[in-house]
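Trainee: Provided herewith is a single structure, encoded as structure tokens, for subsequent inquiry.
2 protein chains.
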Amino acid sequence: MSVNAEVICVGTELLLGEIQNSNAQFLAQQLAQLGIPHFYQTVVGDNPERLKKVLAIAAERAQLLILTGGLGPTPDDLTTETLAEFFATPLVEHPEILADITHKFAQRNLALSANNRKQALLPQGAQILPNSTGTAPGMIWQPRTGLTLLTFPGVPAEMKLMWQETAVPYLRAQGWGQEIIYSRVLRFWGISESALAEKVAPFLAMQNPTVAPYANHGEARLRISVRSNSEVEAQQQIIPVEQQLRRLTGEDCYGTDDDSLASVVGQVLQSRGETLSVAESCTGGGLGQMVTQVAGSSSYFMGGIISYDDAVKLSLLDVAAEDLAQQGAVSHTVARQMAAGVRCRLKTTWGLSITGIAGPGGGTATKPVGLVYIGLAGPEVSTSFEYRFGSLRDREWIQRLSACSALDQLRRKLLLSVHKT
Amino acid sequence: MSVNAEVICVGTELLLGEIQNSNAQFLAQQLAQLGIPHFYQTVVGDNPERLKKVLAIAAERAQLLILTGGLGPTPDDLTTETLAEFFATPLVEHPEILADITHKFAQRNLALSANNRKQALLPQGAQILPNSTGTAPGMIWQPRTGLTLLTFPGVPAEMKLMWQETAVPYLRAQGWGQEIIYSRVLRFWGISESALAEKVAPFLAMQNPTVAPYANHGEARLRISVRSNSEVEAQQQIIPVEQQLRRLTGEDCYGTDDDSLASVVGQVLQSRGETLSVAESCTGGGLGQMVTQVAGSSSYFMGGIISYDDAVKLSLLDVAAEDLAQQGAVSHTVARQMAAGVRCRLKTTWGLSITGIAGPGGGTATKPVGLVYIGLAGPEVSTSFEYRFGSLRDREWIQRLSACSALDQLRRKLLLSVHKT
């Protein structure tokens, strides 16, 4: 049998934006992993009338309702009462819940308040969904044939533990999650989401696996998702699609899933026993930071020089004073000399440099904000690249794009020299 | 006139749990600040039929619908078309949008794809809600009397900027918000959330303004919030509370609202005409990056040396070889020599250094992962500080805490020397 689930998060604090709704994302991931589709999520405040309206809608379009929040001891926690009322079912007190709460309070040297007593009430016919860490239990309840409710407290740590300990085994036992959704993300640099979508257009209409393009943190991605009964089978369905997509998109695809530009570049450097140093102007250290976010980067990254002020470009990177004066710090020439300078000073295989105008000030008509040069020096290599990231992007964004683009240029150069040998 | 708003987030990636729904929290906060109540939030996938069902429900219970997501160029981005279809309104092409998209693509040296063309379509009668950073514009549309729709792309950075630039002035002009929630955040470094809460305990029971402690990105904060009809009145209520809190908490409070440790340090350096350089080992450039995230940092930040490998500590920072051998790179002595070395090489007022073990590898019994030394050199100052961030924190977290702690030590030193003069 197949069911649709729906997630309902109850809490006025969510509607005031006081907390991030991390429960919704967790439940979404979990349902996808169990292969139980869900099509809607709703957030509603601690208000019985509005919650009833939400229940009326959700009970029509789903067979499994998952509710979080509103199980606490305070007067505004009304989820259980409201559910009982909506399904016209009386509440009954569960002595075993009361005993558990009393025991937990005693352990913390706290006195039980009258408010806590109401946490022992559940609608007639509901089973307890135990809460091993907090006081508020949830429930598993079938108020009518073909409709199952699960309730959880809103505290994420309690909810997640209860989900894993009780809900997952229960849902598996129902046989509702047969097909599992398995996915792989291909990651791209140097191509826009729309250009990528056009390049792989025929794949976007596929049904199983599906291929969907999206953008995240300035990079384009393709998600290959497959519904399958087993991980092995899913892999077998994904691999040929991945291979075809890679063939179509070439070297714009830099990796999959948890890869980053820095980790991919790092793997190649490590495998070849080569080393890297950086010379940074407008990124102020952001490129080095990106490289050293990768654990183990000390085996190929020697360090760098942050030449934010031009004096440092002269004294530590050996940029020629006349080129700096004539071409300006933001130029092909200076980018190349910075890369060569740091490579020489730090005695590395590769030197990678960035010089540009991150803004918001400092731009001119000929050298606008967002103009960035990347320099690359290596064995028989001295080259540079111009980027125009546009003055509408903010400083942090331009700095990030610059660092990623520098790593991408090194990546492409490393790929080329692999192909050559 | 008073209206109720409703938030609808469109995106299959939300239902798969691939991304956190940060837009919903942002919009909730913003609506609360504008004094516009909202009672429901819904998440639905990129599916026209289901989105129509959501619209039918929402249009009955709210007068202002705020939609995010589904405005991109790819075939699964269907929000605009679906809205037009739901309200039986034809789409019309806006040449000014097309011109804007074409211009933005040209700036990035990208070719416009056929897919992008559909982003220029809006329902007849809708106004453009301009997107200054991305390609997808939103809209402000009244499909019928008493119902207003605002649409935004799902990319949080674009959505937030559009909200601030266009939606807020529009909503204010409608006079829909009555009481406004106005708040100020005090930011702290060097004190835990629980210790802070204890220190200001009597304030936490206040009613208007309210004072609430919370933790975010590793720092403790206090939010002072007041409900008021005018910003001036709100300010008058907040100021005395802020003053009392600052008196209670002393120099642990480094700033308010949009301040960062780097911006606060930068302001002092700039006002005193002093300069800074950095020497980084385990942060790999992260301290320099933090300093240069502040616009205008070029007036006091000269640059730095990333001495990831010990050879660079010797050659460019003049660390003594025997100290490096005897004390190890992660030591008080080397931290001080790094700070002094970069200060001398870059001829700055202050030199700030970091050396430590970011993990996950590289720890020993005496020098565990998370052990970090900060060095500070300045006029008649040569000092260092030991931190133990604990091996349970991950690499990125230890790197971030290290950079923040370095800035915090410089900040405290600058405050001291202000007090002295």
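Chains as they are written, first to last, in numbering that gives the first Met the number 0: chain A, 0 to 420; chain B, 0 to 420.
Glycine included, every Cβ here is placed at the ideal spot set by N, Cα and C.
Go ahead and label B/N108 buried or exposed: buried means 16 or more other beta carbons lie within 10 angstroms of its beta carbon, across all protein chains shown.
Mentor: It is exposed - the Cβ of B/N108 has fewer than 16 other Cβ atoms within 10 Å.
Trainee: Find the residues of chain B that neighbour A/F38, judging by a C-beta separation of less than 8 Å, and give them in chain order.
Mentor: Here the neighbours are L14, V43, G44, N46 and R49.
Trainee: Given B/E279, which residues of its chain have a CB within under 6 Å of its CB, disregarding the five upstream and five downstream residues?
Mentor: Cβ within range, chain order: L286, I305 and I353.
Trainee: Can you tell me the Cα-Cα spacing of A/T382 and A/E321, whole angstroms?
Mentor: Roughly 20 Å between the two C-alpha positions.
Trainee: Along chain A, in chain order, which residues have C-beta atoms closer than 9 Å to that of B/K103?
Mentor: Within 9 Å Cβ-Cβ: G389 and L391.
Trainee: Entirely within the region 171-238 of chain B and at least 3 residues each: give me those beta strand (DSSP E) ranges in chain order.
Mentor: DSSP runs (the beta strand (DSSP E)) wholly in the region 171-238 of chain B: 179-187, 209-215 and 218-227.
Trainee: DSSP three-state call for B/E80: helix, strand or coil?
Mentor: If DSSP states are grouped into helix, strand and coil, B/E80 belongs with the helices.
Trainee: From B/Q19 to A/Q40, what does the alpha carbon distance come to, in whole angstroms?
Mentor: The straight-line gap from Cα to Cα measures roughly 13 Å.
Trainee: Taking only beta carbons into account, state which residues of the region 268-290 of chain B come closer than 9 Å to chain E, listed in chain order.
Mentor: Note that chain E does not occur in the displayed structure, where the protein chains are A and B.
Trainee: Can you pull out the residues from the region 148-174 of chain A whose beta carbon lies closer than 8 Å to at least one beta carbon of chain B?
Mentor: Residues passing the 8 Å Cβ filter: none.
Trainee: Name the chain B residues whose beta carbon is nearer than 7 Å to that of A/Q28?
Mentor: Here the neighbours are G16.
Trainee: Helix, strand or coil: how does DSSP classify A/A87 here?
Mentor: DSSP places A/A87 in coil when its eight states are reduced to three.
Trainee: What does DSSP give as the partner residues of B/H37 in its beta bridges?
Mentor: Bridge partners of B/H37: B/A4.
Trainee: Would you say A/D407 reaches chain B, if we count a Cβ-Cβ gap shorter than 7 Å as a contact?
Mentor: By this cut-off, A/D407 is not an interface position.
Trainee: Nearest chain A C-beta to B/Q19 closer than 7 Å, yes or no?
Mentor: B/Q19 counts as touching chain A.
Trainee: Rank A/D76, A/V184 and A/C281 by C-alpha distance to the C-alpha of A/A395 and give the top, closest one.
Mentor: The identity of residue 395 of chain A in the sequence shown is Glu, whereas the question assumes Ala. If we check each option's Cα against that of A/E395, A/C281 comes out closest.
Trainee: Alpha carbon to alpha carbon, how far is B/R60 from A/I100? Give it in angstroms, no decimals.
Mentor: In a straight line, the C-alpha of A/I100 is about 39 Å away from that of B/R60.
Trainee: Chain A beta carbons: is any one of them nearer than 7 Å to that of B/R116?
Mentor: Taking Cβ atoms only, chain A never reaches closer than 7 Å to B/R116, which makes this a no.
Trainee: Using only the alpha-carbon positions, how far apart do B/L13 and A/A328 sit?
Mentor: Spanning the two alpha carbons is a distance of roughly 44 Å.
Trainee: May I ask you to report which of helix, strand or coil DSSP gives A/Y372?
Mentor: Note: A/Y372 maps to strand in three-state DSSP.
Trainee: Closer than 7 Å, CB to CB, is B/D308 near chain A or not?
Mentor: So yes, B/D308 belongs to the interface.
Trainee: Anything in chain B within Cβ reach of A/V311, meaning under 8 Å, just list it in chain order.
Mentor: Going along chain B in sequence order, the residues near A/V311 (Cβ under 8 Å) are M301, G302 and L345.
Trainee: Under 7 Å Cβ to Cβ from B/V263, same chain only, skipping five residues before and after it: list those, please.
Mentor: The answer, listed in chain order, is Y253, G254 and R410.
Trainee: CB-CB under 8 Å to B/S401, same chain, minus the five flanking residues each way: which ones, in chain order?
Mentor: Within the same chain, B/S401 has close Cβ partners C281, T282, G285, L286, I353, G355, A357, V371, I373, Y386 and F388.
Trainee: Short check: CB of B/T132 to CB of B/L63, under 7 Å?
Mentor: No, they are not a contact pair.
Trainee: Report the rounded CA-to-CA distance for B/D251 versus A/R335, giving the unit in angstroms.
Mentor: Straight-line Cα distance between these residues: approximately 44 Å.
Trainee: Is the region 157-175 of chain A touching the region 226-239 of chain A, taking contact as three or more C-beta pairs under 8 Å?
Mentor: Flag = no, the region 157-175 of chain A and the region 226-239 of chain A do not touch.
Trainee: Under 7 Å between C-beta atoms, does A/P212 make it to chain B?
Mentor: It does: the Cβ of A/P212 has a partner Cβ on chain B nearer than 7 Å.
Trainee: Just list the residues that DSSP pairs B/G303 with in beta bridges.
Mentor: Answer is A/I305 and B/V277.
Trainee: Kindly identify the DSSP beta-bridge partner or partners of A/V9.
Mentor: Note: A/V9 sits in a beta bridge opposite A/V43.
Trainee: Assign B/H37 to one of two classes, buried (16 or more other C-beta atoms within 10 Å of its C-beta) or exposed (fewer than that).
Mentor: Burial call: buried.
Trainee: What does the alpha-carbon distance come out to for the pair B/L111 and B/H102?
Mentor: Using only the alpha carbons, I get a separation of about 9 Å.
Trainee: Taking Cβ positions, are A/L195 and A/A219 nearer each other than 7 Å?
Mentor: Against a cut-off of 7 Å, the Cβ pair of A/A219 and A/L195 comes out as a contact.
Trainee: Whose C-alpha, out of A/S259, A/W140 and A/L120, is nearest the C-alpha of A/V293?
Mentor: Among A/S259, A/W140 and A/L120, the Cα nearest to that of A/V293 is on A/S259.
Trainee: Tell me which residues share the same chain as A/S21 and place their Cβ nearer than 8 Å to its Cβ, disregarding the 5 neighbours each side in the sequence.
Mentor: Answer for A/S21: P155, listed in chain order.
Trainee: Which word fits A/Q242, buried or exposed, when buried means at least 16 other C-beta atoms lie within 10 angstroms of its C-beta?
Mentor: By the neighbour-count rule (16 or more Cβ atoms within 10 Å), A/Q242 is not buried but exposed.
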